[in-house]
Amino acid sequence: MSVTAEIRERLVNDFAPEALEVIDESESHRGHAGFREGGESHFRVRMRAGRMAGMSRLQRHRAVHAALGPDLIGRIHALALELTD
């Protein structure tokens, strides 16, 4: 399973988002630190999930990192999060 698909699956399972975009931005980082041939190193996640209601920005970011888990986070060089409830 691709990293993109794993991110999507874990976020859907934990947050049941109303809207979710998982964007692989790796190609735009070619030549920079952390870039890998084949991509899947730099991601942007845009997610709207009611389960995040009442959470601070820091709590939302921590919740996403917990949902993805250290095994998946360890394979990603950069993760930009745009999270709303």
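Per the numbering used here, the sequence shown starts with residue 10, numbered consecutively.
Cβ atoms here follow ideal geometry from the backbone N, Cα and C, with glycine treated the same way.
Ala58 sits in coil when the DSSP states are folded into three classes, being neither helix nor strand.
Looking at the backbone, the Cα of Ala87 and that of Gly78 are separated by about 15 angstroms. The three-state reading of DSSP puts Asp23 in helix, counting H, G and I together. For Ala89, same chain residues with a beta-carbon under 6 angstroms away, outside a window of 5 residues either side, are Arg53 in chain order.
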